[in-house]
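Novice: Have a look at the structure that comes next, please.
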Amino acid sequence: MGSIHLKQVTKDFGDVSVIKPIDLEIKDGEFIVFVGPSGCGKSTLLRMIAGLEDTTSGTIEIDGQDATTTPPAKRGLAMVFQSYALYPHMSVRNNIAFPLKRAKINDDIIEEKIASVAKTLNLTDYLDRKPGQLSGGQRQRVAIGRAIVRQPSAFLFDEPLSNLDASLRVNMRLEISELHKSLNTTMVYVTHDQVEAMTMADRIAVFNGGIIEQVGSPLELYNNPANRFVAGFIGSPKINFIDIEPSTIDGTCSLGIRPEHIEISTTGGQWAGKIGVIEHLGSETFLHVHVDGHDTFTVKTSGDCPFKYGDEIYLSPQKNKLLHFDATGKTLPNIA
Amino acid sequence: MATTNSRALARLMLVPSVVLLLAWMLVPLCMTLYFSFLDYNLLSPGTEEFIGFMNYEFFLTDPAFFESFFNTLLLVGGVLLITLGGGIGLAILLDQAIWGRNYVRIMVLAPFFVMPTVSALVWKNMLMNPVNGLFAHFANWLGMTPIDFFAQIPLLSIIVIVSWQWLPFAALILLTAIQSLDREQLEAADLDGAGPFSKFYYIVLPHLSRAITAVILIETIFLLSIFAEILVTTSGGPGYASTNITYLIYTQSLLQFDVGGGSAGGIVAVIIANIVAIFLMRLIGKNLED
Ligand SMILES: Nc1ncnc2c1ncn2[C@@H]1O[C@H](COP(=O)(O)OP(=O)(O)OP(=O)(O)O)[C@@H](O)[C@H]1O
Ligand SMILES: [Mg+2]
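Chains as they are written, first to last, in the working numbering: chain A, 1 to 336; chain B, 1 to 290.
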């Protein structure tokens, strides 16, 4: 079991309100990712769930029990920190054994559990080393091992991969996803890397300035963002925004169109533009097109793109993919 | 080539200070060594003669030697125990977010700035005096007989005074070490179900091991040669109950203008200090590595 229910949860540091009232229901076994720009309160909320930070108001329920004032150890959650927070003077074995020993578990059982965790995480050869003698990825695995050995009802991850290099990050991403599939335990995962968010999450919660802008599956957020902020935050390369004269029909103030939903033509289209930088990624190509009277547009096209710098082209959006936003940034139904 | 050149030049320019330092250290040591083999008393000048190991024999067979040797160890050990125990406690307290923390930290440091003789006098006359001292008044108020500290428990009294002087030093070093502890480790331990005692024992204490080692080594060097506090309070008495090696050298030789005997005592003290140092480095020196 590992359902977490946040009800009107807030957090103030002094007179700064960091978490505005938040409601969120995290289901048992779900992989939920918190994303958002730096300083929007993701870590703070995660630490409140863990019990490391007091809750100013509202209630946190874990498995249906009010756990708002329960001490961290009694919540049955495990956390993996960005800095790993391994105990530097203990061997890997003792690091993993630490929570079990505190729980006064029989030594034989501890040995057994360590062996099985080490096997799962490929740490068997490193059990007698100190954390200082491990690579970043190995340390990360030890931190995860220390978390899973307790069989918690939910895992909390705070940007666990941000200290790793790009290729290792991809590997660890897969490993964590695989772990989630095999353990089937609730995972709450904080990141500001949206690729991690999109690839790993069952559901994503997009944070902005202490509130949740939208919660939904990755594709829901991508295809039907609730507002301009979510549309701009999810998706890489970023969505193109076009400010227009406020529409008299439904009050549309701006439009959004994703780079892959723009058609290119050499003969005619809605906007005329001049190609700036071209980014060849092999399988696809990103064109940065300067359009008169607008910002630069990013357009995604196939890998075998025939254009070169300075070419004059025409762009047209796929009408049914256009997103309409009102003056407050809220998404309006597409009436096209 | 430039680097070889400049390195040679640098060495050349270092020579004067190195020579000066060496001379400063070696000349007195050699002279002490030389004097320790002479029958050399300032009361009968001009009669110096070589007497071999007589001075050493005289010093080492003195019945007071072993007593003061153990007193020295007790004094060093006792002060270390109190300053480390108290220092860790104080450091943890000062690390908490209490009101006016910065002022408290400065106040805690104050005893370290008081000269040994002055603090010994204050303790002797204002606190530990059996008639007028604060402790005596307190004992009377409780209806108990006041303790005559320097007569009944002379060595312990001196240990207390010296500990009071060194406690701030230990506390300060340990405080800086505690402040460098990664807070996330403590939070991880919180989540792992460690109570305050486990957190202290398994996380804080190992983190402090290096600082504790430094405190032990530095304090030992100074505590082996405690002198002023003994001179001011008990003069080594009653009997030899509060005499340490340093003070013994002073009474057995220098008070009698016996330069030869004093030098022999000094060399013995140097050897003891080295034995203690080697012993300590063996025991805890590995904490300072890497
Ligand atoms: N102990 C504290 N005292 C005061 N303000 C704090 C404290 N901790 C965090 N804050 C503030 O709360 C806000 C949210 O911080 P938080 O660490 O939750 O951001 P975040 O979303 O995790 O950002 P990042 O992606 O950079 O990690 C920040 O503006 C930060 O300055
Ligand atoms: Mg954060």
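The C-beta atom is built at its ideal place from N, Cα and C for all residues, glycine as well.
Closest by CA to residue 201/A, which one among 223/A, 52/A and 173/A?
Specialist: 173/A
Novice: So the candidates are 324/A, 10/A and 193/A; which of them puts its Cα closest to the Cα of residue 250/A?
Specialist: 324/A
Novice: Around the C-beta of residue 197/B, are 16 or more other C-beta atoms found within 10 angstroms, so that it is buried, or is it exposed?
Specialist: exposed
Novice: Determine which residues of the stretch 178 to 200 of chain B have a Cβ less than 7 Å from any Cβ of chain A, and write them out in chain order.
Specialist: 182, 184, 185, 187, 188, 190, 191, 192, 193, 194 and 198
Novice: If you run the structure through DSSP and keep just helix, strand and coil, what is residue 35/B?
Specialist: helix
Novice: Tell me whether residue 288/A sits in a helix, a strand or coil according to DSSP, three-state version.
Specialist: Strand.
Novice: Mapping DSSP to helix, strand and coil, what is residue 254/A?
Specialist: strand
Novice: Under the criterion of a Cβ to heavy atom distance below 7 Å, does residue 159/A qualify as lining ligand 2?
Specialist: yes
Novice: When every heavy atom of ligand 1 is checked, does at least one fall within less than 7 Å of the C-beta of residue 229/A?
Specialist: no
Novice: Kindly indicate if chain B contains any beta-carbon less than 8 Å away from that of residue 48/A.
Specialist: no
Novice: Evaluate residue 40/A with the Cβ neighbour count: other Cβ atoms within 10 Å of its Cβ, from every protein chain shown; 16 or more gives buried, anything less gives exposed.
Specialist: buried
Novice: Measure the alpha-carbon distance for residue 292/A versus residue 252/A and round it to whole angstroms.
Specialist: 21 Å
Novice: List the residues of chain B whose Cβ lies closer than 7 Å to the Cβ of residue 102/A, in chain order.
Specialist: What residue 102/A touches in chain B: 192, 193, 194 and 198.
Novice: Which residues bound the alpha helix (DSSP H) around residue 110/B?
Specialist: Premise fails: residue 110/B is in no alpha helix (DSSP H) and is neither H nor E.
Novice: Counting Cβ pairs, one atom from each stretch, are 3 or more of them under 8 Å apart for the stretch 207 to 223 of chain B and the stretch 6 to 23 of chain B?
Specialist: no
Novice: Output, in sequence order along the chain, the residues in the stretch 136 to 166 of chain B whose CB is closer than 7 Å to any CB in chain A.
Specialist: Those residues of the stretch 136 to 166 of chain B that come within reach of chain A (Cβ to Cβ, closer than 7 Å) do not exist; the list is empty.
Novice: Measuring only from the beta carbon, is residue 36/A closer than 7 Å to any heavy atom that is part of ligand 1?
Specialist: When distances are taken from the beta-carbon of residue 36/A to the heavy atoms of ligand 1, the shortest one is below 7 Å.
Novice: Rounded to whole angstroms, how far is the Cβ of residue 46/A from the Cβ of residue 215/A, which I believe are closer than 8 Å?
Specialist: Between residue 215/A and residue 46/A the Cβ distance is about 15 Å, and since that is not below 8 Å, they are no contact.
Novice: Looking at residue 354/A and ligand 1, is the gap between the Cβ and the nearest heavy atom below 7 Å?
Specialist: No answer is possible for residue 354/A: the residues shown for chain A start at 1 and end at 336.
Novice: Taking the CB atoms as reference points, tell me whether residue 273/A and residue 313/A lie closer together than 8 Å.
Specialist: yes
Novice: Relative to chain B, which residues along the stretch 79 to 90 of chain A have a C-beta separation below 7 Å, given in chain order?
Specialist: 79, 81, 83, 85, 87 and 89
Novice: For residue 187/A, which beta-bridge partners are listed by DSSP?
Specialist: DSSP, once it has assigned bridges, lists 31/A and 155/A as partnering residue 187/A.
Novice: What residues of chain B sit near residue 157/A, judged by a beta carbon separation below 7 Å?
Specialist: Within 7 Å Cβ-Cβ: nothing; residue 157/A doesn't reach chain B, min ~13 Å.
Novice: For the stretch 41 to 71 of chain A, which residues have a beta carbon sitting closer than 9 Å to at least one beta carbon of chain B?
Specialist: 47, 50, 51, 52 and 71
Novice: Tell me whether residue 25/B sits in a helix, a strand or coil according to DSSP, three-state version.
Specialist: Here residue 25/B sits in helix by DSSP.
Novice: Taking the CB atoms as reference points, tell me whether residue 205/A and residue 32/A lie closer together than 8 Å.
Specialist: yes
Novice: So does residue 190/A have its beta carbon nearer than 7 Å to some heavy atom of ligand 2?
Specialist: yes
Novice: Name the chain B residues whose beta carbon is nearer than 7 Å to that of residue 99/A?
Specialist: 192 and 193
Novice: Skipping 5 residues on each side, what residues in its chain have a beta carbon closer than 8 Å to that of residue 32/B?
Specialist: 263, 266 and 267
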